[in-house]
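Chains as they are written, first to last, in our numbering: chain A, 2 to 394; chain B, 7 to 653.
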């Protein structure tokens, strides 16, 4: 038990220090951690739900902006609930949980109040059913804690499920890349910003199938990871041109398609993406260039964004923009006045509203932003949408 | 068609008051007839219309006015003025009928300004060559200060004589073709104005007769000789009788199309044209080697290896060939990037020209006008080799050449040189220094307490605006958006913070994050093109676009001498490429070194665009020395401003 706690703390620390690069890596680490946690647990599903939720909360608190953690927690919870259901179908009367995969469930979401209210009014019966469902579930779990072979089988099933999830996360790039040929034609001119492994694999896949096309890579200040991507693409004999972020508008009129990777996909179809993406999306909109987002389903977040530029953003170190010498020179001037005259803003993420996104390419296919809500109800259980339930109750 | 011309000549003078000045004259009562019929008249020209109007307007033929201008220069005007009177009193000439003659007179009614309008008509498309030629006739007013708001109003009355003369000769052309019913009889006041104008015209013609001007000569180096000689011929024919002048102008009408083609700005050097590039290379002073990994999309722009030219040129500095040392010095500074920014580059160039002119002496058996023009052209091509000219510099060069071209022959060399030097000083003062002051004064009125003002890069006029508003005691905050590779914003940040302004600094990617709190965007511009496109530091378009998306007004601050009659739709066709290595190296970040030897990778190119074109839709307002105008009014300024090269 103690070593599990240690592992949890270790990952939490990593997350807090922003040491984990990329949401896929985060998702994988989280899923693996949960696999360990679950295998160490000797309790029933109800307790398991609680444990997973606890660990999840800890991890989310470590980096609330990394939405992939929350997504994985919810996915694991869903796996637990599903395997539990499949086990108990024979033994018990089915708990009224049938609405699980429905849009209706989204009224648990904390953000869009008006939506929630309207849905509550529209679907009153199902809400009632839902409210009743939880106590039922818990009660009935308590009754069968002693059935050892069954609980073993149950746990095995969950571990299997989590393993599948990890497998999914690991292979999502390949599955997304498989669709590349259907989207990239000969002599296409593609623009991308920054560095995304999904995009890289996507372009590689098209190149390997003997498509020849041209890629413009915007460097993606302040990280300048576009340089890495450009280097890697050029090594694969793709015609690559690096441009500065400011030239995006100048170049976009000659671009056929924008393909980018994102940080998270929100329930309304908007995306949280590396900073600068909104600018690219606006320019693409202006010139009617398709703006394609490639994202694994682990990036699918069941929350609606509310002021995402501020609440779902990270402020990075100012030294990436202004060297310390410059900064202190400027600060010298403001000493007399008391209030600092200089602020340096270096956000990590941008929010791109759904109307600027043309297409999502996930490992399960391509979707329009307006369909994302449905995918969410496929992947997450409605009870888990709000993870911080304990402090509230 | 001719009647239409006349009407336009009358309308246009009001256009001078670009921006939101109150018009001084009320619209004429017949405005209803004329108003809707002016298709190309700018939004601000809702001022007095003339009585004579045709419902449909075709742009006037330019060459016609050319001939007119030439004729006014060479033809003894009194004669034609007389004829004018005749036609006013309905003496039939040719197939001319009384009612139409009334029509013809109407332009003269508001003659004081008709000349102005006429001038503006042509300059919208005319290139410099014509300005020089016209300048011959415009000598009277040339003694006036060239630019500024005040001089414009001053100038108008003095122009009367030539104008009326011109109108006169024009009317003769117009008469046969116009089939308009007469609109209104000229009022008494109008008639008096007409008479006065004619009197003045007589005087002017006499004055002009005394000193004939060099019409083409060295002034039009880029023009085929054939053209100018043809013009001379027409002039000669004009002299004896007015009747023949009509014939001549008719004849001219025949070859209009080629003439018109010459009026559009000459095409720029296209670097994908191999033969021309070779030719240019043979003449070049600066040794350029083609870059290895060139960007295919920008083949038409020069893509040379960087860093090799400077030492080479520095070593050559003592074997001074025809280049003047001052020119050489400035050229090297351009090359090294020590001088940047539209105004700074332009001023440096003008100062260098000034020095070169001071040290100039005409070689034996050559005329000053021709030789100096050739010299300046060679200097300019040297500058271009160092760094492509900005549009503002192109305008300044055009100005100098026109000044050289219209130097009166009677002037001694010393006089001519001192005239030119003072002209250059005046250009710098009027067009840049005072213009900036006017812009600052205008723009500061748009800053309110509590505003958050965003600017991009570093524009000197925007900086002056902020400082001025700060001095006025306005409470506001500045957001400086910067971008790689130049990071010009850091210097601006330094200067503003030193002056006690509260600043927020960020990079261009974060512009959509910061735009939420911004209330105004102030941008500088390298040039404003005739279709309202703002050509500026790369990234300006992004900022303007995001501001537009967030419904934040975008104010572009730009001196009017940077306006140009060219049009541009994208940032690809005409641009400048910077050093690609600047993209690979991130200053102050040693950890970013992924592209260290990018040149060895054959599939990898780096593109460092210097400028981009912001569509007019994103611009709320352009603040210039003529006031605050919408981007649609840029052609008006171009037209008006082009005229100023003349006087």
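A virtual CB, placed ideally from N, CA and C, is assigned to each residue, including glycine.
What is the DSSP secondary structure of residue 577 of chain B, reduced to helix, strand or coil?
DSSP places residue 577 of chain B in coil when its eight states are reduced to three.
I'd like the list of long-range same chain contacts for residue 286 of chain A, defined as Cβ closer than 6 Å, with 5 residues on each side in sequence excluded.
Excluding five sequence positions before and after residue 286 of chain A, the CB atoms of its chain that fall closer than 6 Å to its own CB belong to 357, given in chain order.
What are the boundary residues of the beta strand (DSSP E) that includes residue 543 of chain B?
According to the DSSP assignment, residue 543 of chain B belongs to the beta strand (DSSP E) that extends over 540-543.
So for residue 361 of chain A, helix, strand or coil by DSSP?
Here residue 361 of chain A sits in strand by DSSP.
Hey, is the region 223-237 of chain A in contact with the region 606-626 of chain B, meaning 3+ C-beta pairs nearer than 8 Å?
Here the region 223-237 of chain A lies against the region 606-626 of chain B, with 3 or more beta-carbon pairs under 8 Å apart.
Three-state secondary structure (DSSP) at residue 166 of chain A?
For residue 166 of chain A, the secondary structure class from DSSP, reduced to helix, strand or coil, is helix.
Return yes when the Cβ of residue 529 of chain B is within less than 8 Å of the Cβ of residue 485 of chain B, no when it is not.
Using a Cβ distance threshold of 8 Å, residue 485 of chain B and residue 529 of chain B do not count as a contacting pair.
Which of helix, strand or coil does DSSP assign to residue 425 of chain B?
Looking at residue 425 of chain B - three-state DSSP - the assignment turns out to be helix.
What does residue 25 of chain A reach in chain B if we use C-beta pairs closer than 9 Å?
Listed by position along chain B, the residues whose Cβ is nearer than 9 Å to that of residue 25 of chain A form an empty set, because the closest Cβ is around 21 Å away.
Exposed or buried, which one is residue 351 of chain A when buried takes at least 16 other CB atoms within 10 Å?
Here residue 351 of chain A is buried: its Cβ has 16 or more other Cβ atoms, across all protein chains shown, within 10 Å.
The beta strand (DSSP E) enclosing residue 526 of chain B, as first and last residue numbers:
Segment 526-530, the beta strand (DSSP E) holding residue 526 of chain B.
Output, in sequence order along the chain, the residues in the region 538-552 of chain B whose CB is closer than 7 Å to any CB in chain A.
Residues passing the 7 Å Cβ filter: 544, 545, 547, 548, 551, 552.
Please classify residue 161 of chain A: is it buried, with 16 or more other beta-carbons within 10 angstroms of its beta-carbon, or exposed?
Result: exposed.
If you run the structure through DSSP and keep just helix, strand and coil, what is residue 483 of chain B?
DSSP places residue 483 of chain B in strand when its eight states are reduced to three.
Cut-off 8 Å between Cβ atoms - residues of its own chain near residue 371 of chain A, not counting five sequence neighbours on either side:
Around residue 371 of chain A: 270, 355.
Could you name the residues of the same chain whose beta carbon sits closer than 6 Å to that of residue 88 of chain B, not counting the 5 residues immediately before and after it, in chain order?
Low confidence applies to residue 88 of chain B: its pLDDT is 40, below 50, so where it sits in the model is not reliable, and the reading given next is rough at best. Excluding sequence neighbours, residue 88 of chain B sits near nothing in its chain.
Taking a Cβ distance cut-off of 7 Å, strictly less, list which residues of the region 598-615 of chain B are near chain A, in chain order.
Of all residues in the region 598-615 of chain B, only 598, 600, 601, 607, 609, 610, 611, 612, 613, 614, 615 place a beta-carbon less than 7 Å from a beta-carbon of chain A.
C-beta neighbour in chain A for residue 499 of chain B, strict 8 Å:
Chain A contact via Cβ: present.
Going by DSSP in three states, residue 639 of chain B sits in which element: helix, strand or coil?
In the structure shown, the three-state DSSP call for residue 639 of chain B is helix.
Please decide whether residue 355 of chain A counts as near chain B, where near means a Cβ-Cβ distance under 8 Å.
Judged by the 8 Å Cβ criterion, residue 355 of chain A is not in contact with chain B.
State buried or exposed for residue 330 of chain B, treating a residue as buried only when at least 16 other CB atoms are found within 10 Å of its CB.
Its Cβ being crowded by 16 or more others within 10 Å, residue 330 of chain B is buried.
Contacting residues, own chain, Cβ-Cβ under 6 Å from residue 28 of chain A (five flanking each side not counted)
The beta carbon of residue 28 of chain A sits closer than 6 Å to those of 69, 73, 170, 299, all from its chain and outside the five residues before and after it, given in chain order.
Could you check whether the Cβ of residue 561 of chain B sits closer than 7 Å to any heavy atom belonging to the ligand SAM?
Because no ligand of any kind appears in the structure shown, any question about the ligand SAM cannot be addressed here.
Let me know the secondary structure DSSP gives residue 462 of chain B once reduced to three states.
In the structure shown, residue 462 of chain B sits in a strand (DSSP, three-state: E or B).
Excluding the five sequence neighbours on either side, which residues of its own chain have a C-beta within less than 8 Å of the C-beta of residue 524 of chain B, listed in chain order?
Only 458, 459, 460, 485, 553, 556, 558 meet the Cβ criterion.
Kindly list, in the order they appear in chain B, the residues whose Cβ is closer than 9 Å to that of residue 375 of chain A.
By Cβ distance, chain B contributes nothing, its closest Cβ being about 28 Å from residue 375 of chain A, past 9 Å.
If you reduce the DSSP assignment to three classes, tell me which class residue 351 of chain A lands in.
Three-state result, residue 351 of chain A: strand.
In whole angstroms, give me the CA-to-CA distance for residue 284 of chain A and residue 260 of chain A.
The straight-line gap from Cα to Cα measures roughly 13 Å.
Look up residue 171 of chain A in the DSSP assignment and say whether it is helix, strand or coil.
Three-state result, residue 171 of chain A: helix.
Distance between residue 607 of chain B and residue 256 of chain A (C-alpha atoms, nearest Å)
The straight-line gap from Cα to Cα measures roughly 23 Å.
Are the beta-carbon atoms belonging to residue 1 of chain A and residue 353 of chain A less than 8 Å from one another?
Residue numbering for chain A in the displayed model covers 2 to 394; residue 1 of chain A lies beyond these limits and cannot be assessed.
With burial defined as no fewer than 16 other Cβ atoms inside 10 Å of the residue's Cβ, what is the status of residue 210 of chain A: buried or exposed?
Under the 10 Å beta carbon count, residue 210 of chain A is surrounded by fewer than 16 other beta carbons and is classified as exposed.
In chain B, what lies closer than 7 Å to residue 364 of chain A by C-beta?
Under the 7 Å cutoff, chain B gives no residues; its nearest Cβ is about 28 Å from residue 364 of chain A.
For residue 19 of chain A, which residues in chain B fall below 8 Å Cβ to Cβ?
Correct list: empty, because the minimum Cβ distance to chain B is about 15 Å.
The region 490-506 of chain B in contact with the region 200-218 of chain A per 3-pair CB rule at 8 Å
Contact between the region 490-506 of chain B and the region 200-218 of chain A is absent: fewer than three C-beta pairs spanning the two stretches fall below 8 Å.
Three-state secondary structure assigned by DSSP to residue 85 of chain A
Residue 85 of chain A: helix per DSSP, three-state reduction.
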